[in-house]
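Right, one structure below, let's go through it.
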Amino acid sequence: MPEPQLEAQTKVRLNNPEVEGIVAVVINEQLGKYLEENPAPAHKIMKKVILSAEAREAAAKAKKALKDRKSMLNSGGLPGKLMDCTTRDRDESELFLVEGQSAGGSAESGRNRFFQAILPLRGKVLNVEKAQQQKMLSNEEICCLISAVGIDIGNSQEVDNLRYGKVIILTDADVDGQHIRTLLLTFFYRQMQKLIETGHIYVARPPLFKVAQKKNIRYVQTLGEMNHELMDRGLDGTRLTVESPKSEQSGAAVNFESERLAKLLEVLGELEESLEILERRGLNLTAFLARAGAGGLPAYRVQIGGHDNWFFTSDEAEAFLKAEQEKRGRDLIVGDESSGSANGGNGQGNGHVETMVRQELHEVKGINRGLDRLRELGLGSADLVPAPRVAGREPKPRFFLQNGDNRRVLPHLRGLVGEVRKLGERGLTITRFKGLGEMDAEELWETTLDPQKRTLLQVQLDDVLKADEMFRTLMGEKVEPRRDFIQKHALEVKEIDYHGA
């Protein structure tokens with residue numbers, strides 16, 4: 011080339027039009043041949059090309075999102091679906107973040123328009139814990155939230171431009187509502203932590219129950235409060251008679267009333283939670299409770315070859331395992347208790363090596379404490395399960411619940427709490443609120459929006475390290491820590507439902 015024309019000072023490209031086509035053909039042919047004959051370096055080259063393209067695209071999106079965010083905050087424009095308040099006094103104004111259009115409509119009709127603003131959110135908010143910033147800033151709901159709150163995201167933001175003194179999360183009383191609330195708390199913790207530190211973030215506490223008694227209507231906040239009220243009503247005029255299983259003579263019965271019956275119900279309520287966990291483990295409750303002795307129930311189970319061996323202490327279980335290994339002359343394979351690898355069959359693992367599963371039943375400690383309290387009342391573990399049949403005959407009834415003219419026979423004491431609760435429900439019409447949309451505007455104002463009657467929970471940051479770990483575990487990208495957390499606590503869950511904030 012007598013007169014080459016090179017691009018700029020870097021001279022990375024030849025711009026002569028007469029040779030551009032020739033060079034392109036030759037390079038394309040030779041480069042294609044090289045890539046076909048050398049797949050390993052070709053794969054590396056293509057990965058680098060794709061990575062570079064993705065990086066350029068991400069940088070362009072981030073730059074555009076940054077420009078859009080600045081214009082969104084500086085232009086003074088507000089999201090169209092925000093139902094704003096009229097006051098400009100930040101300290102007395104409130105912004106409610108409401109789940110869905112239905113609840114948003116009820117809240118809009120029931121609010122005080124002077125100082126209460128409503129921002130309905132569509133569906134589940136983006137999980138910002140594992141989303142890239144450009145994706146977060148391109149999310150419509152997140153952009154509406156940032157615009158409505160009025161401050162920038164990030165750890166260095168100032169709260170001077172905050173448009174509302176209280177930012178209140180208001181979600182439905184169900185699992186989806188809890189999830190949305192968690193997603194919003196994740197956003198505020200990660201992107202607007204200053205709002206939490208300065209006490210501007212709140213969680214609304216709508217009631218869980220509506221109770222109608224004749225023409226009187228009232229609201230109950232949580233499941234615990236509802237249960238307590240029903241038990242108090244059910245205890246009124248109620249008597250439990252327990253007859254001795256060993257005596258046919260009159261006068262051998264024991265009566266439980268008022269405070270003594272209330273104490274028995276308290277013990278049974280605490281026992282029931284732990285007994286349900288045992289049943290979830292697949293244990294036969296009748297057979298297991300029969301193991302109760304002076305030292306209580308065994309808390310350690312060792313399975314070898316599908317056979318259960320029970321122990322009261324960890325040292326006893328370890329000594330047993332050591333003796334079994336010495337007897338066999340070989341180590342035992344440790345199985346996974348969740349997979350039931352040691353249940354059934356001959357328990358053989360690889361070759362002639364047997365599989366062992368060692369379990370500690372943590373709930374047994376609570377059961378032992380409950381059984382001790384039950385014995386103080388003259389009852390025992392056998393009273394928690396149906397009595398066995400003798401010679402094919404049904405056992406004689408022992409438990410009689412009396413309330414006025416209503417008399418019921420109970421097969422065992424585990425059903426006592428439910429029966430007393432049913433007595434407490436008589437004369438009441440109880441409505442369980444699942445969603446805010448089930449409340450009309452007047453009900454929502456009276457229970458959740460009226461500052462004189464509502465209950466708000468202020469979100470506080472007491473321990474940054476624990477909060478950080480919890481958000482990473484439950485909301486982060488890594489699946490293993492979340493799975494371990496769920497498996498660890500799964501048996502403790504009574505029901506996957508909402509019991510009130």
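Numbering (the working numbering), first residue to last: 11 to 511. Just so it is clear, CB atoms sit at the ideal spot from N, CA and C, and this is done for glycine as well.
Taking residue i as the reference, which of the options has the closest Cα?
{"i": "arginine 243", "options": "Leu475, Lys43, Glu429, Glu336", "result": "Glu429"}
{"i": "alanine 392", "options": "His422, Gly414, Ile55", "result": "His422"}
{"i": "glycine 164", "options": "Ile206, Lys176, Lys273, Glu334", "result": "Ile206"}
{"i": "glutamine 126", "options": "Leu274, Asp184, Arg173", "result": "Arg173"}
{"i": "glycine 434", "options": "Arg249, Glu239, Pro491", "result": "Glu239"}
{"i": "lysine 140", "options": "Phe443, Val489, Ala401, Arg249", "result": "Val489"}
{"i": "aspartate 99", "options": "Gln313, Gly425, Pro491, Gly175", "result": "Gly175"}
{"i": "leucine 371", "options": "Leu293, Lys224, Gly437", "result": "Leu293"}
{"i": "glutamine 497", "options": "Asp415, Ala397, Arg291", "result": "Arg291"}
{"i": "leucine 389", "options": "Pro255, Leu446, Pro217", "result": "Pro255"}
{"i": "threonine 181", "options": "Leu218, Ala272, Ser148, Ala304", "result": "Leu218"}
{"i": "cysteine 154", "options": "Arg132, Leu271, Asp170, Val169", "result": "Arg132"}
{"i": "lysine 91", "options": "Leu245, Val221, Ala158", "result": "Ala158"}
{"i": "glycine 110", "options": "Pro461, Gly447, Gln462, Leu475", "result": "Gly447"}
{"i": "lysine 224", "options": "Arg23, Gly31, Thr439", "result": "Thr439"}
{"i": "lysine 204", "options": "His499, Phe495, Gly486, Val474", "result": "Val474"}
{"i": "aspartate 382", "options": "Glu269, Gln335, Ala304, Leu454", "result": "Ala304"}
{"i": "arginine 228", "options": "Glu479, Pro12, Phe443, Pro461", "result": "Phe443"}
In its own chain, which residues sit with a C-beta less than 8 Å from the C-beta of residue i, not counting the 5 before and 5 after it?
{"i": "alanine 477", "result": "Tyr199, Leu471"}
{"i": "glycine 339", "result": "none"}
{"i": "alanine 215", "result": "It should be pointed out that residue 215 corresponds to arginine in this sequence rather than to alanine. Cβ neighbours of arginine 215 beyond the five flanking positions: Gln231, Thr458, Arg464, Thr465, Leu466, Leu467, Gly510, Ala511."}
{"i": "threonine 97", "result": "Ser103, Phe124, Phe125"}
{"i": "valine 395", "result": "Leu295, Thr296, Leu299, His422, Arg424"}
{"i": "leucine 426", "result": "Leu250, Leu274, Leu275, Leu278, Phe409, Leu411, Leu420"}
For the beta strand (DSSP E) containing residue i, list its first residue and its last residue.
{"i": "asparagine 265", "result": "264 to 267"}
{"i": "phenylalanine 410", "result": "409 to 413"}
{"i": "valine 419", "result": "416 to 420"}
{"i": "glutamate 370", "result": "365 to 370"}
{"i": "lysine 176", "result": "176 to 180"}
{"i": "isoleucine 128", "result": "126 to 131"}
{"i": "arginine 249", "result": "248 to 252"}
{"i": "glutamate 104", "result": "104 to 109"}
{"i": "valine 474", "result": "Premise fails: valine 474 lies in the alpha helix (DSSP H), 474 to 485, not in any beta strand (DSSP E)."}
{"i": "leucine 471", "result": "Run containing leucine 471: none; DSSP gives neither H nor E here."}
{"i": "isoleucine 211", "result": "211 to 214"}
Hey, quick one: how far does the alpha helix (DSSP H) through residue i stretch, first residue to last?
{"i": "proline 491", "result": "489 to 499"}
{"i": "leucine 436", "result": "At residue 436 the sequence reads arginine, which differs from the leucine that was named. Unbroken run through arginine 436: none, as it is neither H nor E."}
{"i": "tyrosine 44", "result": "27 to 47"}
{"i": "tyrosine 199", "result": "185 to 201"}
{"i": "glutamate 326", "result": "324 to 338"}
{"i": "alanine 451", "result": "451 to 454"}
Can you name, in chain order, every residue of its own chain whose Cβ lies under 7 Å from the Cβ of residue i, other than the five neighbours on each side?
{"i": "arginine 301", "result": "Leu307, Pro308, Trp320"}
{"i": "valine 138", "result": "Met146, Thr196, Phe197, Arg200, Gln201"}
{"i": "isoleucine 128", "result": "Met93, Phe106, Val108, Gly114, Ala117, Glu118, Arg121"}
{"i": "aspartate 450", "result": "Ser116"}
{"i": "arginine 492", "result": "Thr483, Leu484"}
{"i": "histidine 317", "result": "none"}
{"i": "glycine 330", "result": "Reading the sequence as shown, one finds phenylalanine at residue 330 and not glycine. Taken in chain order, the residues that qualify are Val312, Asn319, Phe321."}
{"i": "glycine 357", "result": "Low local confidence applies: a pLDDT of 41 at glycine 357 is under 50, so the model's placement there is unreliable, and no value is given."}
{"i": "asparagine 226", "result": "none"}
{"i": "aspartate 516", "result": "Nothing about residue 516 can be read from this structure; the chain reaches only from 11 to 511."}
Looking at the strands, I want to know which residues DSSP matches up with residue i.
{"i": "isoleucine 227", "result": "Ala222"}
{"i": "asparagine 319", "result": "Val312"}
{"i": "isoleucine 156", "result": "Beta-bridge pairing links isoleucine 156 to no other residue."}
{"i": "valine 400", "result": "Arg403"}
{"i": "leucine 16", "result": "Leu24"}
Whose C-beta lies closer than 6 Å to the C-beta of residue i among residues of the same chain, with five residues either side of it excluded?
{"i": "glycine 350", "result": "Because the pLDDT of glycine 350 is 45, which lies under 50, any placement of that residue in the model is unreliable, and the number read from its coordinates should be weighed accordingly. Within the same chain, glycine 350 has no close Cβ partners at all."}
{"i": "lysine 54", "result": "none"}
{"i": "histidine 210", "result": "Val177"}
{"i": "valine 35", "result": "none"}
Could you tell me the alpha carbon to alpha carbon distance between residue i and residue j, rounded to whole angstroms?
{"i": "alanine 117", "j": "serine 103", "result": "15 Å"}
{"i": "arginine 417", "j": "glutamate 452", "result": "42 Å"}
{"i": "alanine 18", "j": "asparagine 25", "result": "10 Å"}
{"i": "serine 112", "j": "isoleucine 287", "result": "38 Å"}
{"i": "leucine 295", "j": "isoleucine 377", "result": "12 Å"}
{"i": "asparagine 149", "j": "lysine 71", "result": "12 Å"}
{"i": "arginine 408", "j": "leucine 387", "result": "16 Å"}
{"i": "isoleucine 343", "j": "alanine 327", "result": "16 Å"}
{"i": "proline 398", "j": "valine 374", "result": "23 Å"}
{"i": "leucine 245", "j": "arginine 436", "result": "12 Å"}
{"i": "valine 221", "j": "phenylalanine 481", "result": "37 Å"}
{"i": "arginine 23", "j": "valine 59", "result": "18 Å"}
{"i": "glutamate 282", "j": "alanine 272", "result": "15 Å"}
{"i": "glutamate 531", "j": "asparagine 38", "result": "In the structure as shown, the chain begins at 11 and stops at 511. Residue 531 is therefore absent and cannot be evaluated."}
{"i": "valine 264", "j": "glutamate 404", "result": "22 Å"}
{"i": "phenylalanine 266", "j": "glutamate 289", "result": "28 Å"}
Under 8 Å between C-beta atoms, does residue i make it to chain D?
{"i": "arginine 424", "result": "Of the protein chains in this structure there is only one, and it is not chain D."}
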